[in-house]
Each structure stands twice: as structure tokens, then as C-alpha cells.
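Visitor: Handing you a structure now.
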Amino acid sequence: MTETFAPETRFAVPGRIAVSQRAAAVWQTATLTEIRRETPYAATFRFAVPAWTGHLPGQHLMLRLTAGDGYTAQRHYSLASAPDASGHIELTLDHVEDGEVSGWFHTEARPGDRVEVRGPLSGFFAWPGDRPALLIGAGSGVVPLMSMVRHHRAHRLDVPLRLLVSARSPETLIYAREYGPETTPVFTRSAPEGVPVGRLDARHLAPVFAESGDWEAYVCGSNAFAEHASRLLVAAGQPVDRIRIERYG
Amino acid sequence: MNVTRGFTGRPRVHHPGLPPGQYDAGDDWPVLSAEVTPDLAPADWTFRVDGLVAEPRTWTWEDAHALPGSEYRGDIHCVTSWSKFGVRFGGVPLDAFLAAVRPAATATHAVAYSHTGYTTNLPLADLTGGKAWIAFSYEGQPLAPEHGGPARLLVPHLYFWKSAKWVAGLRLLDHDEPGFWEQNGYHARGNPWEEQRYSGD
Numbered sequence: 000m001t002e003t004f005a006p007e008t009r010f011a012v013p014g015r016i017a018v019s020q021r022a023a024a025v026w027q028t029a030t031l032t033e034i035r036r037e038t039p040y041a042a043t044f045r046f047a048v049p050a051w052t053g054h055l056p057g058q059h060l061m062l063r064l065t066a067g068d069g070y071t072a073q074r075h076y077s078l079a080s081a082p083d084a085s086g087h088i089e090l091t092l093d094h095v096e097d098g099e100v101s102g103w104f105h106t107e108a109r110p111g112d113r114v115e116v117r118g119p120l121s122g123f124f125a126w127p128g129d130r131p132a133l134l135i136g137a138g139s140g141v142v143p144l145m146s147m148v149r150h151h152r153a154h155r156l157d158v159p160l161r162l163l164v165s166a167r168s169p170e171t172l173i174y175a176r177e178y179g180p181e182t183t184p185v186f187t188r189s190a191p192e193g194v195p196v197g198r199l200d201a202r203h204l205a206p207v208f209a210e211s212g213d214w215e216a217y218v219c220g221s222n223a224f225a226e227h228a229s230r231l232l233v234a235a236g237q238p239v240d241r242i243r244i245e246r247y248g
Numbered sequence: 000m001n002v003t004r005g006f007t008g009r010p011r012v013h014h015p016g017l018p019p020g021q022y023d024a025g026d027d028w029p030v031l032s033a034e035v036t037p038d039l040a041p042a043d044w045t046f047r048v049d050g051l052v053a054e055p056r057t058w059t060w061e062d063a064h065a066l067p068g069s070e071y072r073g074d075i076h077c078v079t080s081w082s083k084f085g086v087r088f089g090g091v092p093l094d095a096f097l098a099a100v101r102p103a104a105t106a107t108h109a110v111a112y113s114h115t116g117y118t119t120n121l122p123l124a125d126l127t128g129g130k131a132w133i134a135f136s137y138e139g140q141p142l143a144p145e146h147g148g149p150a151r152l153l154v155p156h157l158y159f160w161k162s163a164k165w166v167a168g169l170r171l172l173d174h175d176e177p178g179f180w181e182q183n184g185y186h187a188r189g190n191p192w193e194e195q196r197y198s199g200d
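Residue numbers (numbering that gives the first Met the number 0), protein chains in the order written: chain A, 0 to 248; chain B, 0 to 200.
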């Protein structure tokens, strides 16, 4: 067996962002206080978590439901709310077909119900607010990106932030009432009169890269979407060590 | 633990092979890589083992395929809660690579790294004794890039973030050195049967 030279790896993984790990270790009680319908398939659930120690935009948590017989189910969900001192957090959940956790949320949950959460989690898909952010999301992948947008607005941050959000139609666009000039929606199935229908493509990215070449990119969506969007970014010249991806499903 | 009003879960038959907090993903195989999927051709793939070893070595695709192959048939478990039962990976046991480099007696741990620079740490005991593979195929087909192809580390008894995709090498150490997810709050060892998801578990 001949030994051959090992090529240096490209070390393309983006670096970690410093976050507190303390709260990740314990389950806390979260009490549902409000439910808001976002689209026919998605709703936002607001929880009081008195001991919440805060989070960075983009982070997620783990949520646990417990049945009367002791059975537990746990899922990761992105935080939708911007960090604040209110002692509340928000999650936005799609109703997943046959989903046992999202099914409970969309069919049973009501204010006063208690669940358990631990977090915040991830020093990877997190935006401290200190660098230009190019956000690309599809479907419920927009949830952690909305936390970033809200944070950017709440603190009137000067650093550039742009959001490209893909949805099948205006009716399924989560947070439709909340987007501002930082956002470009992309509709893949149906769109308002005069708006093109089609997948996210290089034409959507061109004006963003014309504006700046100094982005930290955050991509969140299904694996198929994440593959597509990340390849568009690479083709546009975005360095792979500044592309952060969160995939679901 | 709080009971959640009205929650009963899916109608379920308890599967004895399911670790706590996991669910059966059935035919789905979710992809959760944090980095861009690399375009890596088998001809460009290499696997190196160095660090505390008598004879560091690098294998090409052809070299690795010349080693005796074996299969893993069993289950895999992801820290994000999905599990898959009865999957089949083909590859070469990691023991074959380690035998060639002759680990030093002082080697206790390793860092596995990817061609993307992803890293993950493991005790050597979790990599030896037929518990780990360099995998090239899944269900008889070449491993897809988004699932770590052309080759990935496979350590199926631990949460799947330990099974580094697009594996490029293994560095043997005399101490534990946290990898990518471990530095991002995940557990140093990640045993699904002890539900070691995060640091502190």
C-alpha cells in the first residue's frame, strides 16, 4: 500500500458563534399564552418561560410533550421571536401531515397548556447582529430568519440585512404582513398578477451581490431547497465558509 | 416532567430498538448537514490516519477498496430525534485502517474530519472492535453526496453526527478534543441509549 499525499482540507465549515450553553442542560416549563394563525397551515405559539435566559436570533430549542402514560416526544424548533426581556418566546409550526407533535399543536393546544423546552441551542445557525446577513428561506425555513429580521428592526441595526423567502403562493407565505423593504418574496406555484412564478434563481441573488460582497449567508429550508440555494450562492461567488445551512425534513 | 394535556402521541407499538426520545423515520432519510455539500469525486477522495500512530498513512479510493469489505446492517439514530431501522451500509471496517497504522499505546481518542473541515471527536474505544466503518454504499448503491458520499465514517451506535460525512481523516490523540457540533453545545460522546444529546446530559 503506497502512501500518497493527503490534500489539505478546504475547512469550509463556518466558524462557531459564541453562545451560552448553560440553559441547554435543563428542561423548563413553558406555558402557552397565545396562538396566532399565520397561514392555513402554520401558526405561531407564544409561551411564557419565566426562566428563559435569552437567545440569539437563529437559535432553536428542543421541545418535549409528555403523554399521560409517560410517553414523550421531542422535536427541535427554531425560535421565531427576537431576543427580548419579556420572559416569552414564540415558535411558528407548520402542521406536518401525520406529525404527532405538530398535530397536537394544531388540533389540541390552547392557552394554559404546558410543555417543556430546553435551550437555546446552536452556536452555528445564529446571528449575533454584528455582520451583514443574507437570509434565504423556504416555507417554514423562514422562521429562524424572521427572528433575525425582527432583531435587526428592534435594535435599528446599521449592518445590512436582506431576506429572500420562497413560498408556493402568497397564501402560504408565513409572516406575509410583516415583511419590509429588506425582503424579496419568491413564489413557486402562483403569484399575484404581474409577479413571476418560479424557483429562486440567480436573478434574485444578482441585486443582493451587486449591493455587497460581504455577506454571511444563512439558508434554511428542506434539503432540496438548501442544496439548490447553496449552489446558487457558491455560483454567485459566496465563500463556502460563510454559508450556514439549517435543513429540516 | 409535566404531562401535556391532550397529548397521546401516535398510535404506537413500542419498538425495543428505539432509544429514548426517538421516532422511526421509516423510509425518509433526513439531511441535516450544516455546510455546503461538497462536489467530491471518488478519484479526489482520500482518507488519512495520523497523529499517535507508528506509521501515518493515506489511502486513495482504490487503496481503500482493496481492503477487505464488510457490511453494517442495523439501525441509526440522529440527535434531532429521527431513527432508521434495518439499514445496510457497505464499506471497510475502521479496524482495517487502524491495523495498518498501528496506534500508539498512548492513543485514547480521535478526531475525525471531513473534506469540508467538519470535525467530530470520539473515544478510540467507540471506533474499534468492529463498531465503526468507512462506508461507501447504502442499500447497495453508492452513497449520495448529501449523505456523505463518496465515503463517510459510520459509527452507528452513537448519534449520527459522529459519523462524519465526506470523511477525510482521523487524527489519533491522547486526549479528547471537541469537534464542530461538540463545540456548538452537543455532547462529547453522544450515546443515544443514554440520551446524551447536549453537553450536560
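We put the CB at the ideal spot given by N, CA and C, even for glycine.
Verify the CB distance criterion: does R127(A) have a CB-CB separation below 9 Å to chain B?
Guide: By 1-based counting over the first sequence, the position of residue 127(A) is 128. One detail in the question is off: residue 127(A) reads as Pro in this sequence, not Arg. By the rule that beta-carbons nearer than 9 Å mark a contact, P127(A) does not touch chain B.
Visitor: Hey, is A40(B)'s beta-carbon within less than 9 Å of any beta-carbon in chain A?
Guide: As a working note, residue 40(B) is residue 41 in the second sequence. No, no contact with chain A.
Visitor: Can you find a C-beta in chain A that's less than 9 Å from the C-beta of W180(B)?
Guide: As a first step, residue 180(B) is located in the second sequence; it is residue number 181 there, counting from the start. Output row for W180(B): interface = yes.
Visitor: DSSP state of W165(B), grouped into three classes?
Guide: Start at 1 with the first residue of the second sequence, and residue 165(B) comes out as number 166. Coil, per DSSP.
Visitor: Under a Cβ-count criterion, where at least 16 other Cβ atoms within 10 Å of its own Cβ denotes burial, should T106(A) be classed as buried or exposed?
Guide: Translated into positions along the first sequence, residue 106(A) becomes position 107. With fewer than 16 Cβ atoms within 10 Å of its Cβ, T106(A) is classed as exposed.
Visitor: Candidates H59(A), G197(A) and A84(A): which alpha carbon is nearest S77(A)'s?
Guide: To locate residue 77(A), count along the first sequence from 1; it is residue 78. Nearest C-alpha to S77(A): H59(A).
Visitor: Could you have a look at E7(A) and say whether DSSP puts it in helix, strand or coil?
Guide: The sequence position of residue 7(A) within the first sequence is 8, counting from 1. Low confidence applies to E7(A): its pLDDT is 47, below 50, so where it sits in the model is not reliable enough to give any reading.
Visitor: Under 8 Å: do the region 224–238 of chain A and the region 167–181 of chain A share three or more Cβ pairs, one atom per stretch?
Guide: no
Visitor: Does R161(A) come out as helix, strand or coil in the three-state DSSP assignment?
Guide: Position 162 of the first sequence, counting from 1, holds the residue named residue 161(A). Here DSSP, grouped into helix, strand and coil, assigns R161(A) to strand.
Visitor: Just the chain A side, please: which residues come within less than 7 Å of E145(B) by C-beta, in chain order?
Guide: As a working note, residue 145(B) is residue 146 in the second sequence. Neighbours of E145(B) on chain A, chain order: N222 and E226.
Visitor: Is it buried or exposed for T105(B), if we count other Cβ within 10 angstroms and need 16 for buried?
Guide: Mapped onto the second sequence, residue 105(B) falls at position 106. T105(B) comes out exposed.
Visitor: Taking the beta strand (DSSP E) that D49(B) belongs to, which residues open and close that run?
Guide: Within the second sequence, the letter at position 50 stands for residue 49(B). Counting along the chain, the unbroken beta strand (DSSP E) around D49(B) starts and ends at T45 to G50.
Visitor: So, does the CB of F124(A) fall closer than 9 Å to a CB anywhere in chain B?
Guide: Numbered from its first residue, the first sequence carries residue 124(A) at position 125. Yes - at least one Cβ of chain B is within 9 Å of the one on F124(A).
Visitor: For a cutoff of 9 Å on Cβ pairs, would you count S165(A) as touching chain B?
Guide: As a first step, residue 165(A) must be located in the first sequence, where it is residue number 166. No - not a single Cβ of chain B is within 9 Å of the one on S165(A).
Visitor: Looking at C-alpha atoms only, which residue of E177(A), T28(A), R149(A) and G69(A) is the closest neighbour of G57(A)?
Guide: Reading the first sequence from its first residue, position 58 is the one you call residue 57(A). Nearest of E177(A), T28(A), R149(A) and G69(A) to G57(A), Cα basis: R149(A).
Visitor: Buried or exposed, going by whether 16 or more other CB atoms sit within 10 Å of the CB of T65(A)?
Guide: Start at 1 with the first residue of the first sequence, and residue 65(A) comes out as number 66. Buried, since its Cβ has 16 or more Cβ neighbours within 10 Å.
Visitor: Is DSSP giving P169(A) helix, strand or coil here?
Guide: Translated into positions along the first sequence, residue 169(A) becomes position 170. Residue state, collapsed to three classes: helix.
Visitor: Which ranges would you report for the beta strand (DSSP E) in the region 71–142 of chain B if only whole runs of at least 3 residues count?
Guide: 81–92, 108–113, 118–122 and 132–137
Visitor: Return helix, strand or coil for F6(B), following the three-state DSSP convention.
Guide: Numbered from its first residue, the second sequence carries residue 6(B) at position 7. Shown here, F6(B) sits in coil according to DSSP, grouped into three states, outside any helix or strand.
Visitor: Excluding the 5 residues flanking Y197(B) on each side, which residues of the same chain have their C-beta closer than 7 Å to its C-beta?
Guide: Translated into the one-based positions of the second sequence, residue 197(B) becomes position 198. Correct list, in chain order: G184, Y185 and H186.
Visitor: Grouping DSSP H, G and I as helix and E and B as strand, with all else coil, what is Q182(B)?
Guide: One-based indexing of the second sequence puts residue 182(B) at position 183. In the structure shown, Q182(B) sits in a helix (DSSP, three-state: H, G or I).
Visitor: Could you tell me whether any Cβ in chain A is nearer than 9 Å to the Cβ of S80(B)?
Guide: For the purposes of this step, residue 80(B) is identified with residue 81 of the second sequence, where counting begins at 1. S80(B) counts as touching chain A.
Visitor: For the region 91–121 of chain A, which residues have a beta carbon sitting closer than 7 Å to at least one beta carbon of chain B?
Guide: E99, W103, E107, D112, R113, V114, E115, L120 and S121
Visitor: Could you spell out where the alpha helix (DSSP H) holding D62(B) opens and where it closes?
Guide: Position 63 of the second sequence, counted from the first residue, corresponds to residue 62(B). Element bounds for D62(B): W60 to H64.
Visitor: Where DSSP assigns a beta bridge to F46(A), which residues make up the other side?
Guide: On the first sequence, position 47 is the one that residue 46(A) refers to. F46(A) is bridged to L31(A) and I88(A).
Visitor: Quick one, are the C-beta atoms of V91(B) and G68(B) less than 9 Å apart?
Guide: For the purposes of this step, residue 91(B) is taken as the residue at position 92 of the second sequence. For the purposes of this step, residue 68(B) is taken as the residue at position 69 of the second sequence. In this structure, G68(B) lies closer than 9 Å to V91(B) by Cβ.
Visitor: Listed in chain order, which residues of the region 6–26 of chain B have Cβ atoms closer than 8 Å to some Cβ of chain A?
Guide: When C-beta distances to chain A are compared with 8 Å, the residues of the region 6–26 of chain B below that value are F6, T7, G8, R9, R11, P19, G20 and Y22, in chain order.
Visitor: So what does DSSP say about E2(A), is it helix, strand or coil?
Guide: Here residue 2(A) refers to the residue found at position 3 when the first sequence is read from its first residue. For E2(A), the predicted structure reports a pLDDT of 34, less than 50, and the residue's modelled location is therefore unreliable. The matter cannot be settled from this model.
Visitor: Which class does D93(A) belong to by DSSP, given the choice of helix, strand or coil?
Guide: In the first sequence, the residue the question calls residue 93(A) occupies position 94. The answer is strand: DSSP assigns D93(A) an E or B state.
Visitor: Under 8 Å by Cβ, that's how I've got D213(B) and F84(B) pegged, so tell me the actual separation to the nearest angstrom.
Guide: With chain B covering only 0 through 200, there is no way to say anything about residue 213(B).
Visitor: Do R188(B) and D125(B) have their C-beta atoms within less than 9 Å of each other?
Guide: Within the second sequence, the letter at position 189 stands for residue 188(B). Within the second sequence, the letter at position 126 stands for residue 125(B). In contact: R188(B) and D125(B) (Cβ atoms closer than 9 Å).
Visitor: Kindly give me the distance between the Cβ atoms of T107(B) and A163(B), rounded to whole angstroms, as I take these residues to be in contact under 8 Å.
Guide: To locate residue 107(B), count along the second sequence from 1; it is residue 108. To locate residue 163(B), count along the second sequence from 1; it is residue 164. In this structure T107(B) does not touch A163(B) by the C-beta definition: roughly 19 Å separates them, more than the 8 Å allowed.
Visitor: Does the Cβ-Cβ distance between P102(B) and A167(B) come in under 9 Å?
Guide: Your numbering for residue 102(B) matches position 103 in the second sequence. Your numbering for residue 167(B) matches position 168 in the second sequence. No, the pair does not count as a contact, with Cβ atoms beyond the cut-off.
Visitor: For A259(A) versus T32(A), is the C-beta spacing smaller than 9 Å?
Guide: Given a span of 0 to 248 for chain A in the structure shown, any question on residue 259(A) remains unanswerable.
Visitor: Return the chain-ordered list of same chain residues with a C-beta closer than 8 Å to the C-beta of A308(A), the five sequence neighbours on each side being excluded.
Guide: No answer is possible for residue 308(A): it lies beyond the span of chain A, which begins at 0 and ends at 248.
Visitor: Indicate whether at least one CB of chain A lies closer than 9 Å to the CB of L209(B).
Guide: No information on residue 209(B) is available, as it lies outside the stretch 0 to 200 that chain B covers here.
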